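Under the numbering used here, the sequence shown is numbered contiguously, ending at residue 1029.
Cβ atoms here follow ideal geometry from the backbone N, Cα and C, with glycine treated the same way.
Note that the structure is predicted; figures quoted are calculated from it, not measured.
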Amino acid sequence: MGVRPYAWESPCDQRYLIDREPGRVAPPPVEQDAPAWVAAHKGVAAGRQYLELTVQGTGDETVVVKGLRVRTVEKRSPLAWNAYAMGYPGVGCGGGVPTRYFTVALDAARPALVPEAGHADFPFKVSESDPEVYYVSAEAAAYDVSWTLELSWSSGSRHGTLVLDDEGRPFRTSGENGRPSYEFPLGGSAWRPAGEEPPS
């Protein structure tokens, strides 16, 4: 089971809330360095968190992945921190919607995964030679939410539940509405307020 809590669907869509002024924040990382960058700055996904989950069997038997359930650990008021964008303004971003794509509204009283329109829902089958990759787009606006996922599975007479989290800690996603937002110009040397024109 592989969990990537700091995957990016698109750098332009990914922001992190950080309790630091722009002069004390390093330039945005590339995606593979995001976990270390976020840890160093004690950052929290802003508005939206994008997870990549890889599920694979370990033996000859097929495993049926019966479902993924969202478990809210704690809800708080949104963080009053600055938001930092990972994409560079003016640089094109984009990408297709992957095959197994789910969304979840973390602000809801009972958050639940919903398959993207036209996409299949659980259950799915996996084996050692035929893994599955699931993508989860989790959004929060009104709260700072700590949460986990519970994956239920069965294989023959065996069954169980796996708790998926960020290396033993819950995932954490906070609303960012009204927070100061900063971006880093391509080739620039410092963060600047989002949307501000560079000096001529």
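- Taking C-beta atoms under 8 Å as the contact rule, residue 963 and residue 1000 fail to qualify, at a distance of about 14 Å.
- One alpha carbon belongs to residue 856, the other to residue 872, and they sit about 13 Å apart.
- The segment 863–882 makes no contact with the segment 938–950; the number of CB pairs closer than 8 Å stays below 3.
- Between the segment 944–954 and the segment 888–898, the count of Cβ pairs shorter than 8 Å is three or higher; the stretches touch.
- Per DSSP, the continuous beta strand (DSSP E) segment holding residue 988 begins and ends at 987–993.
- For residue 866, the enclosing alpha helix (DSSP H) stretches over residues 863–870.
- Considering only 897, 848, 859 and 870, the residue with the shortest C-alpha distance to residue 1015 is 859.
- Of the candidates 832, 1025 and 1002, the residue whose Cα lies closest to the Cα of residue 934 is 1002.
- Secondary structure of residue 860 (DSSP, three-state): helix.
- Of the residues assessed, residue 1022 falls on the exposed side of the cut-off, its CB having fewer than 16 other CB atoms within 10 angstroms.
- One Cα belongs to residue 880, the other to residue 832, and the distance between them is close to 7 Å.
- It is roughly 7 Å from the alpha-carbon of residue 882 to the alpha-carbon of residue 830.
- In this structure, residue 912 keeps its C-beta atom at 8 Å or more from the C-beta atom of residue 835.
- CA-CA distance, residue 909 to residue 877, rounds to 16 Å.
- When C-alpha distances from residue 902 are compared across 998, 988 and 870, the shortest belongs to 998.
- Look at residue 834 here: in three-state DSSP terms it is strand.
- For residue 853, the three-state secondary structure derived from DSSP is helix.
- Under DSSP, residue 976 shares a beta bridge with 901 and 1000.
- When beta bridges are read from the DSSP output, residue 844 appears opposite 914.
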